[in-house]
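Using UniProt numbering, read the sequence shown as starting at 1 and increasing by one per residue.
In this text, a Cβ means the ideal position worked out from N, Cα and C, and glycines have one as well.
Heads up, the thing below is written out as C-alpha coordinates.
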Amino acid sequence: MAKAPSLKDVAKLAGVGLGTASRVLNNSGPVTDEKRQAVFEAMEKLNYKPNAIARSLKSKKTKTIGVMIPDISNPFYPEVIRGIEDVANKYSYSIFLLNTDRSREKEQKCLSVLQEKMVDGAILMSFSVPEEIKNHINNIPIVLISSIPKNTEFVTVRIDNEEAAYEAVNHLCKFGHKDIVMISGPLSDENAAIPRVQGYMRAMLDNGIKFSSENIVDGDFSSEWGYIAMKKILEREKIPTAVFTHSDNLAIGAIKAIMEKGLRIPEDISIVGFDGIASSEYIYPGITTIKQPRYEMGAMGMETLVKLINGVETKKLIKMDVQLVERNSCKNLLTEDK
(Lines of atoms letter the chains of each structure in order from A; the text may use other names.)
(Lines give C-alpha, C1' and ligand atoms only; values in the text may rest on other atoms or scores of the structure.)
Protein backbone atom coordinates (compact mmCIF):
# COMPACT_ATOMS: atom_id res chain seq x y z
CA MET A 1 0.00 0.00 0.00
CA ALA A 2 1.33 3.43 -0.97
CA LYS A 3 2.61 5.58 1.85
CA ALA A 4 0.36 8.49 2.76
CA PRO A 5 1.84 11.86 1.79
CA SER A 6 3.37 13.90 4.60
CA LEU A 7 3.44 17.63 5.23
CA LYS A 8 7.07 17.51 4.11
CA ASP A 9 5.90 16.20 0.72
CA VAL A 10 3.37 19.05 0.51
CA ALA A 11 6.04 21.65 1.28
CA LYS A 12 8.39 20.19 -1.34
CA LEU A 13 5.73 20.19 -4.08
CA ALA A 14 4.62 23.71 -3.15
CA GLY A 15 8.20 24.98 -3.20
CA VAL A 16 8.05 26.32 0.35
CA GLY A 17 9.69 25.48 3.64
CA LEU A 18 8.18 22.99 6.07
CA GLY A 19 7.52 25.80 8.56
CA THR A 20 5.57 27.78 5.96
CA ALA A 21 3.45 24.74 5.08
CA SER A 22 2.76 24.19 8.78
CA ARG A 23 1.69 27.81 9.28
CA VAL A 24 -0.71 27.54 6.34
CA LEU A 25 -2.17 24.30 7.66
CA ASN A 26 -2.63 25.64 11.18
CA ASN A 27 -3.37 29.23 10.15
CA SER A 28 -0.86 30.23 12.79
CA GLY A 29 1.26 32.93 11.25
CA PRO A 30 1.88 35.34 8.37
CA VAL A 31 2.12 33.74 4.92
CA THR A 32 1.80 35.45 1.53
CA ASP A 33 -1.33 34.70 -0.49
CA GLU A 34 0.84 33.22 -3.26
CA LYS A 35 2.54 30.72 -0.95
CA ARG A 36 -0.73 29.92 0.82
CA GLN A 37 -2.36 29.10 -2.52
CA ALA A 38 0.65 26.96 -3.54
CA VAL A 39 0.35 24.92 -0.34
CA PHE A 40 -3.40 24.42 -0.81
CA GLU A 41 -2.85 23.28 -4.41
CA ALA A 42 -0.12 20.87 -3.34
CA MET A 43 -2.37 19.42 -0.63
CA GLU A 44 -5.09 18.86 -3.22
CA LYS A 45 -2.73 17.25 -5.77
CA LEU A 46 -1.27 14.90 -3.17
CA ASN A 47 -4.67 14.29 -1.54
CA TYR A 48 -3.01 15.20 1.76
CA LYS A 49 -5.22 14.55 4.79
CA PRO A 50 -3.83 16.03 8.03
CA ASN A 51 -4.39 14.08 11.22
CA ALA A 52 -6.96 16.27 12.94
CA ILE A 53 -6.63 14.61 16.34
CA ALA A 54 -2.85 14.89 16.42
CA ARG A 55 -3.00 18.49 15.27
CA SER A 56 -5.52 19.46 17.94
CA LEU A 57 -3.51 17.80 20.70
CA LYS A 58 -0.35 19.57 19.59
CA SER A 59 -1.84 23.00 18.94
CA LYS A 60 -4.62 22.83 21.57
CA LYS A 61 -6.98 23.86 18.77
CA THR A 62 -9.80 21.78 17.30
CA LYS A 63 -10.13 23.71 14.00
CA THR A 64 -13.86 23.71 14.71
CA ILE A 65 -16.17 26.72 14.74
CA GLY A 66 -19.54 26.73 16.48
CA VAL A 67 -22.40 28.44 14.63
CA MET A 68 -25.66 29.05 16.48
CA ILE A 69 -28.81 30.10 14.61
CA PRO A 70 -32.33 30.74 15.94
CA ASP A 71 -34.40 29.05 13.23
CA ILE A 72 -32.99 26.55 10.74
CA SER A 73 -36.23 26.60 8.72
CA ASN A 74 -35.95 30.34 8.01
CA PRO A 75 -34.61 30.86 4.45
CA PHE A 76 -32.66 33.90 5.67
CA TYR A 77 -29.99 31.75 7.33
CA PRO A 78 -28.72 29.27 4.68
CA GLU A 79 -27.07 32.05 2.68
CA VAL A 80 -25.41 33.42 5.83
CA ILE A 81 -24.16 29.93 6.69
CA ARG A 82 -22.85 29.45 3.14
CA GLY A 83 -20.78 32.61 3.54
CA ILE A 84 -19.44 31.35 6.87
CA GLU A 85 -18.66 27.91 5.45
CA ASP A 86 -16.84 29.17 2.35
CA VAL A 87 -14.46 31.24 4.45
CA ALA A 88 -14.14 28.46 7.05
CA ASN A 89 -13.08 26.05 4.30
CA LYS A 90 -10.45 28.53 3.14
CA TYR A 91 -8.87 28.39 6.59
CA SER A 92 -9.44 24.63 7.08
CA TYR A 93 -12.10 25.01 9.78
CA SER A 94 -15.07 22.70 10.26
CA ILE A 95 -18.51 24.00 11.20
CA PHE A 96 -20.55 22.74 14.15
CA LEU A 97 -24.12 23.99 13.63
CA LEU A 98 -26.67 24.41 16.43
CA ASN A 99 -30.33 25.45 16.07
CA THR A 100 -32.03 27.11 19.06
CA ASP A 101 -35.65 27.32 17.80
CA ARG A 102 -35.71 30.85 19.29
CA SER A 103 -35.82 29.31 22.76
CA ARG A 104 -33.83 30.99 25.54
CA GLU A 105 -33.53 27.69 27.36
CA LYS A 106 -32.25 25.91 24.27
CA GLU A 107 -29.86 28.78 23.55
CA GLN A 108 -28.23 28.36 26.94
CA LYS A 109 -27.90 24.60 26.41
CA CYS A 110 -26.32 25.21 23.01
CA LEU A 111 -23.84 27.66 24.51
CA SER A 112 -22.82 25.02 27.04
CA VAL A 113 -22.40 22.47 24.23
CA LEU A 114 -20.05 24.84 22.40
CA GLN A 115 -17.93 25.08 25.55
CA GLU A 116 -17.88 21.29 25.92
CA LYS A 117 -16.90 20.77 22.28
CA MET A 118 -13.89 23.06 22.80
CA VAL A 119 -14.58 25.04 19.64
CA ASP A 120 -11.90 27.53 18.65
CA GLY A 121 -14.51 30.26 18.21
CA ALA A 122 -18.22 30.82 17.72
CA ILE A 123 -20.56 32.81 15.51
CA LEU A 124 -23.86 33.52 17.20
CA MET A 125 -27.14 34.69 15.72
CA SER A 126 -29.43 34.72 18.71
CA PHE A 127 -31.55 36.58 21.25
CA SER A 128 -29.02 36.11 24.05
CA VAL A 129 -27.62 39.18 25.74
CA PRO A 130 -23.86 39.32 26.32
CA GLU A 131 -24.14 38.60 30.04
CA GLU A 132 -25.85 35.27 29.30
CA ILE A 133 -23.22 34.41 26.70
CA LYS A 134 -20.39 35.17 29.15
CA ASN A 135 -21.96 32.90 31.76
CA HIS A 136 -21.80 29.93 29.39
CA ILE A 137 -18.70 30.51 27.25
CA ASN A 138 -15.36 31.51 28.71
CA ASN A 139 -12.31 32.62 26.74
CA ILE A 140 -13.74 31.67 23.34
CA PRO A 141 -13.59 34.30 20.58
CA ILE A 142 -17.12 35.25 19.56
CA VAL A 143 -18.61 37.17 16.65
CA LEU A 144 -22.27 38.15 16.67
CA ILE A 145 -24.22 38.43 13.40
CA SER A 146 -27.44 40.45 13.21
CA SER A 147 -27.28 41.18 16.92
CA ILE A 148 -27.10 44.39 18.90
CA PRO A 149 -24.61 43.88 21.75
CA LYS A 150 -25.29 45.76 24.97
CA ASN A 151 -21.64 45.36 25.73
CA THR A 152 -18.71 46.59 23.60
CA GLU A 153 -16.76 43.45 24.43
CA PHE A 154 -18.37 41.56 21.55
CA VAL A 155 -17.70 42.08 17.86
CA THR A 156 -20.85 42.24 15.74
CA VAL A 157 -21.60 42.18 12.02
CA ARG A 158 -25.01 43.60 11.22
CA ILE A 159 -27.13 45.99 9.21
CA ASP A 160 -28.85 49.07 10.59
CA ASN A 161 -32.32 47.57 10.99
CA GLU A 162 -33.97 50.83 11.97
CA GLU A 163 -32.60 52.71 8.98
CA ALA A 164 -33.47 49.83 6.63
CA ALA A 165 -37.08 49.75 7.86
CA TYR A 166 -37.22 53.53 7.54
CA GLU A 167 -36.18 53.22 3.89
CA ALA A 168 -38.87 50.60 3.23
CA VAL A 169 -41.70 52.60 4.80
CA ASN A 170 -40.48 55.90 3.38
CA HIS A 171 -40.67 54.29 -0.08
CA LEU A 172 -44.37 53.62 0.49
CA CYS A 173 -44.91 57.13 1.85
CA LYS A 174 -43.26 58.67 -1.22
CA PHE A 175 -45.72 56.65 -3.32
CA GLY A 176 -48.55 58.48 -1.55
CA HIS A 177 -49.52 55.78 0.95
CA LYS A 178 -50.74 57.00 4.34
CA ASP A 179 -52.59 53.96 5.71
CA ILE A 180 -49.66 51.57 6.17
CA VAL A 181 -49.95 48.50 8.38
CA MET A 182 -46.86 46.66 9.64
CA ILE A 183 -46.70 42.90 10.21
CA SER A 184 -43.76 42.48 12.55
CA GLY A 185 -41.60 39.83 14.13
CA PRO A 186 -41.80 39.17 17.89
CA LEU A 187 -41.49 42.34 19.94
CA SER A 188 -39.24 40.40 22.32
CA ASP A 189 -36.62 40.50 19.54
CA GLU A 190 -34.44 43.51 20.32
CA ASN A 191 -32.02 42.71 17.49
CA ALA A 192 -34.35 42.98 14.49
CA ALA A 193 -38.05 43.47 15.28
CA ILE A 194 -37.78 46.41 17.69
CA PRO A 195 -35.43 48.51 15.50
CA ARG A 196 -37.68 47.83 12.48
CA VAL A 197 -40.71 49.00 14.45
CA GLN A 198 -38.77 52.16 15.34
CA GLY A 199 -37.86 52.70 11.70
CA TYR A 200 -41.51 52.32 10.69
CA MET A 201 -42.69 54.85 13.27
CA ARG A 202 -39.96 57.36 12.40
CA ALA A 203 -40.75 57.19 8.68
CA MET A 204 -44.44 57.75 9.34
CA LEU A 205 -43.74 60.73 11.59
CA ASP A 206 -41.23 62.27 9.18
CA ASN A 207 -43.88 62.11 6.46
CA GLY A 208 -46.49 63.73 8.69
CA ILE A 209 -48.58 60.58 9.00
CA LYS A 210 -50.26 59.59 12.25
CA PHE A 211 -50.03 55.93 13.15
CA SER A 212 -51.91 53.73 15.57
CA SER A 213 -50.63 50.82 17.64
CA GLU A 214 -53.40 48.80 15.96
CA ASN A 215 -51.37 49.04 12.77
CA ILE A 216 -48.50 47.08 14.34
CA VAL A 217 -49.43 43.39 14.19
CA ASP A 218 -46.68 41.39 15.88
CA GLY A 219 -46.01 37.66 15.88
CA ASP A 220 -43.04 35.92 14.27
CA PHE A 221 -41.18 35.98 10.95
CA SER A 222 -42.92 33.02 9.27
CA SER A 223 -45.15 32.79 6.21
CA GLU A 224 -47.81 31.22 8.43
CA TRP A 225 -47.93 34.30 10.64
CA GLY A 226 -47.96 36.59 7.62
CA TYR A 227 -51.02 34.74 6.34
CA ILE A 228 -52.83 34.76 9.71
CA ALA A 229 -52.00 38.41 10.43
CA MET A 230 -53.10 39.56 6.98
CA LYS A 231 -56.42 37.71 7.27
CA LYS A 232 -57.05 39.59 10.53
CA ILE A 233 -56.17 42.90 8.88
CA LEU A 234 -58.51 42.19 5.96
CA GLU A 235 -61.41 41.72 8.40
CA ARG A 236 -61.20 45.41 9.34
CA GLU A 237 -63.81 47.84 8.13
CA LYS A 238 -61.10 49.94 6.48
CA ILE A 239 -58.46 48.00 4.57
CA PRO A 240 -54.99 49.62 4.41
CA THR A 241 -53.47 50.64 1.09
CA ALA A 242 -50.06 49.23 1.99
CA VAL A 243 -48.33 46.68 4.21
CA PHE A 244 -44.72 46.57 5.41
CA THR A 245 -43.56 43.17 6.65
CA HIS A 246 -40.48 42.35 8.73
CA SER A 247 -39.51 39.49 6.42
CA ASP A 248 -40.14 38.26 2.90
CA ASN A 249 -41.64 35.13 4.46
CA LEU A 250 -44.25 37.32 6.14
CA ALA A 251 -44.90 39.07 2.83
CA ILE A 252 -45.43 35.74 1.04
CA GLY A 253 -48.00 34.68 3.64
CA ALA A 254 -49.71 38.07 3.43
CA ILE A 255 -49.91 37.86 -0.36
CA LYS A 256 -51.71 34.51 -0.11
CA ALA A 257 -54.32 36.00 2.24
CA ILE A 258 -54.77 39.07 0.01
CA MET A 259 -55.31 36.95 -3.10
CA GLU A 260 -57.74 34.64 -1.32
CA LYS A 261 -59.78 37.74 -0.49
CA GLY A 262 -60.00 38.50 -4.21
CA LEU A 263 -57.82 41.60 -3.92
CA ARG A 264 -54.93 42.45 -6.23
CA ILE A 265 -51.33 43.43 -5.59
CA PRO A 266 -50.42 46.22 -6.09
CA GLU A 267 -53.71 47.57 -7.48
CA ASP A 268 -55.59 47.17 -4.17
CA ILE A 269 -52.79 46.71 -1.63
CA SER A 270 -49.07 47.43 -1.94
CA ILE A 271 -46.52 45.39 0.01
CA VAL A 272 -42.84 45.72 0.93
CA GLY A 273 -40.87 42.85 2.45
CA PHE A 274 -37.49 42.50 4.14
CA ASP A 275 -34.45 40.21 3.63
CA GLY A 276 -34.24 39.71 -0.14
CA ILE A 277 -34.59 35.90 -0.13
CA ALA A 278 -34.69 34.20 -3.55
CA SER A 279 -38.42 33.47 -3.49
CA SER A 280 -39.22 37.19 -3.17
CA GLU A 281 -38.12 37.59 -6.79
CA TYR A 282 -39.95 34.59 -8.24
CA ILE A 283 -43.32 34.83 -6.51
CA TYR A 284 -46.01 36.76 -8.42
CA PRO A 285 -45.94 39.65 -8.18
CA GLY A 286 -42.25 40.08 -7.39
CA ILE A 287 -41.90 41.61 -3.93
CA THR A 288 -40.27 44.98 -3.40
CA THR A 289 -37.92 44.27 -0.52
CA ILE A 290 -34.99 45.37 1.60
CA LYS A 291 -32.17 43.07 0.52
CA GLN A 292 -29.72 42.11 3.24
CA PRO A 293 -26.19 41.06 2.16
CA ARG A 294 -26.64 37.66 3.78
CA TYR A 295 -23.71 35.82 2.17
CA GLU A 296 -21.39 38.77 2.75
CA MET A 297 -22.47 39.01 6.40
CA GLY A 298 -21.58 35.36 6.94
CA ALA A 299 -18.26 35.67 5.12
CA MET A 300 -17.33 38.84 7.00
CA GLY A 301 -18.31 37.24 10.29
CA MET A 302 -16.03 34.27 9.66
CA GLU A 303 -13.11 36.40 8.41
CA THR A 304 -13.44 38.49 11.56
CA LEU A 305 -13.58 35.42 13.79
CA VAL A 306 -10.38 34.02 12.25
CA LYS A 307 -8.65 37.31 13.09
CA LEU A 308 -9.85 37.12 16.70
CA ILE A 309 -8.68 33.51 17.01
CA ASN A 310 -5.24 34.61 15.83
CA GLY A 311 -5.12 37.51 18.29
CA VAL A 312 -5.71 40.25 15.71
CA GLU A 313 -7.82 43.16 16.93
CA THR A 314 -10.82 44.16 14.82
CA LYS A 315 -13.51 46.82 14.81
CA LYS A 316 -16.25 46.10 17.33
CA LEU A 317 -19.03 47.06 14.94
CA ILE A 318 -19.03 46.12 11.26
CA LYS A 319 -22.07 47.59 9.53
CA MET A 320 -23.23 46.16 6.22
CA ASP A 321 -25.27 48.06 3.65
CA VAL A 322 -28.75 47.04 2.50
CA GLN A 323 -30.45 47.66 -0.84
CA LEU A 324 -34.05 48.57 -1.61
CA VAL A 325 -34.96 46.27 -4.52
CA GLU A 326 -38.00 47.60 -6.37
CA ARG A 327 -40.21 45.04 -8.08
CA ASN A 328 -43.95 44.91 -8.84
CA SER A 329 -45.66 44.89 -5.45
CA CYS A 330 -46.02 48.65 -4.90
CA LYS A 331 -48.46 51.07 -6.52
CA ASN A 332 -47.60 54.75 -6.82
CA LEU A 333 -50.81 56.47 -5.76
CA LEU A 334 -49.48 59.83 -6.91
CA THR A 335 -49.09 58.83 -10.56
CA GLU A 336 -51.46 55.89 -11.12
CA ASP A 337 -55.22 55.81 -11.20
CA LYS A 338 -56.74 54.40 -8.06
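Have a look at N191, T32, F154 and V39 and flag the residue whose alpha-carbon is nearest the alpha-carbon of R102.
-> N191
Is the distance from the Cβ of A242 to the Cβ of S270 below 8 Å?
-> yes
Mind checking L18: buried by the 16 CB within 10 Å criterion, or exposed?
-> exposed
If you draw a straight line from the C-alpha of Y91 to the C-alpha of L25, how long is it?
-> 8 Å
Please work out which residues of its chain come closer than 7 Å, Cβ to Cβ, to residue 339, disregarding the five sequence neighbours upstream and downstream, and give them in chain order.
-> Since the first residue of the chain shown is 1 and the last is 338, residue 339 is not available in this structure.
Any beta strand (DSSP E) of 3 or more consecutive residues that is wholly inside the segment 267-293 = 270-275 and 288-291
Buried or exposed by the 16-neighbour rule on C-beta atoms within 10 Å, applied to Y77 = buried
Inter-stretch contact (C-beta, 8 Å, three-pair minimum) for the segment 252-263 and the segment 187-202 | no
What is the rounded straight-line gap between the Cα of D218 and the Cα of N249?
-> 14 Å
What whole-angstrom Cβ distance do Q292 and D275 have, given they're in contact under 8 Å?
-> 6 Å
What's the call for S213, buried or exposed, on a 16-neighbour Cβ count within 10 Å?
-> exposed
Please name the residue or residues paired with D218 in a DSSP beta bridge.
-> S184
Please confirm whether L187 and I180 have their CB atoms less than 8 Å apart.
-> no
Give the secondary structure of I145 by DSSP, where H, G and I count as helix, E and B as strand, and everything else as coil.
-> strand
For A164, three-class secondary structure by DSSP | helix
Buried or exposed: which applies to A164, given that a residue is buried once 16 or more other Cβ atoms fall within 10 Å of its Cβ?
-> buried
Inspect the beta-carbon positions of G298 and G83 and report whether they are closer than 8 Å.
-> yes
Nearest candidate by alpha-carbon position, reference A38, set K49, L114, A11 and I148 | A11
Cβ of E153 within 7 Å of any heavy atom in the ligand COA?
-> Ligands displayed in this structure: none; no statement on the ligand COA is therefore possible.
Considering only residues of the UniProt domain "HTH lacI-type" (5-59), which uninterrupted alpha helix (DSSP H) runs meet the minimum length of 4 residues and lie entirely inside it, listed in chain order?
-> 7-14, 18-26, 33-46 and 52-59
Local conformation of S247 per DSSP, three classes = coil
Roughly how many angstroms separate the alpha carbons of K338 and C330, rounded to a whole number?
-> Confidence is the limiting factor: at K338 the pLDDT is only 47, short of 50, which leaves the residue's position unreliable and the question unanswerable from this model.
So which of C110, N310 and F40 has the shortest CA-CA distance to P70?
-> C110
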